[in-house]
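Here is the structure we will look at.
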Amino acid sequence: MAAIALAVVLGTPGAASAHYGWVKPLVTCVTPVQDGSWTAAFGYTNTTSSAFSVARGRNNDMVPDSFDGQQTTRFEAGTRQAVFTVRVPASVKEVQWQVLGVYGIARRDTSSRCPSSTPLPADGNGLGMVIVLVASGTVAGGSAWVARRRRERGAQPVAAAAAG
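So for the sequence shown, our numbering puts the first residue at 1; every next one is plus one.
If you want it as structure tokens, here you go:
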């Protein structure tokens, strides 16, 4: 009997299914934009005591697909509001975020409106500032390298002329 119980425990799926249902996508709020589009702010509740990640794909998906890639993949413990936002064209009436089979659905006309005091992240997944900083560092580094090379090349003819 103990051998059967051990076989059941060892045969039960582990980490791959450990978080199923423990994270619930939330629609924090929606806000209309003057051009007719609207912004949906999504958050989540992670009922575990630790953070975990769910890669984008069939277990962490946005519908329509044009919004896929903007969602978070890291889920800290507890409830987090307005973790990311998506800017939605006026022609689209709802956006769905599915994580591990649980849905959060933002609807333009019926979801709660964002109060003016709601702090919203910039559109996207929060990587915009990181990309800007990396690009700035790359440009600055490249500029410094070019300036140094020009100084080195400019110094050689002067040294050669002084020697001759």
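All C-beta atoms, glycine included, are put in the ideal place defined by N, C-alpha and C.
Being a predicted model, the structure only gives us computed values, none of them experimental.
Excluding five sequence neighbours on each side, which residues of the same chain lie with their C-beta closer than 6 Å to the C-beta of Ser112? On the sequence shown, residue 112 is found 112 positions in, with the first residue counted as 1. These residues qualify, in order along the chain: Cys29.
Which value, in whole angstroms, describes the spacing of the CA atoms of Pro119 and Arg74? In the sequence shown, counting from the first residue as 1, residue 119 sits at position 119. In the sequence shown, counting from the first residue as 1, residue 74 sits at position 74. If I take the Cα positions, the gap works out to 20 Å.
Taking Cβ positions, are Phe42 and Val83 nearer each other than 8 Å? Start at 1 with the first residue of the sequence shown, and residue 42 comes out as number 42. Start at 1 with the first residue of the sequence shown, and residue 83 comes out as number 83. Their beta carbons are under 8 Å apart, which means Phe42 touches Val83 by this criterion.
Who are the near neighbours of Val130 in its chain, counting only those whose CB is closer than 6 Å to its CB and skipping five residues on each side? Taking the sequence shown and counting its residues from 1, the one referred to as residue 130 is at position 130. Here Val130 scores only 40 on pLDDT, less than 50, and its place in the model is too uncertain to base an answer on.
Quick check: the Cα distance between Cys93 and Trp38, rounded to an integer number of angstroms? In the sequence shown, the residue the question calls residue 93 occupies position 93. In the sequence shown, the residue the question calls residue 38 occupies position 38. The residue you asked about is not Cys; residue 93 is Lys in the sequence shown. Distance between the alpha carbons of Lys93 and Trp38: 9 Å.
Taking 8 Å as the threshold (C-beta atoms), are Val33 and Val99 in contact? If you number the sequence shown from 1, residue 99 lands on position 99. If you number the sequence shown from 1, residue 33 lands on position 33. No, the Cβ-Cβ distance between Val99 and Val33 is not below 8 Å.
My output table needs one value for Glu152: the three-state DSSP class, helix, strand or coil. By 1-based counting over the sequence shown, the position of residue 152 is 152. The answer is helix: DSSP assigns Glu152 an H, G or I state.
Fully enclosed by the region 19 to 84, which beta strand (DSSP E) runs are 3 residues long or longer? 23 to 32, 38 to 46, 60 to 63
Applying the criterion that 16 or more other CB atoms from any shown protein chain within 10 Å of the CB defines a buried residue, is Gly154 buried or exposed? On the sequence shown, residue 154 is found 154 positions in, with the first residue counted as 1. Looking at its Cβ environment, which holds fewer than 16 other Cβ atoms inside 10 Å, Gly154 is exposed.
Just the Cα atoms here: how many angstroms apart are Tyr44 and Ser91? Within the sequence shown, residue 44 is the residue found at index 44, counting from 1. Within the sequence shown, residue 91 is the residue found at index 91, counting from 1. Between Tyr44 and Ser91, the C-alpha separation is close to 26 Å.
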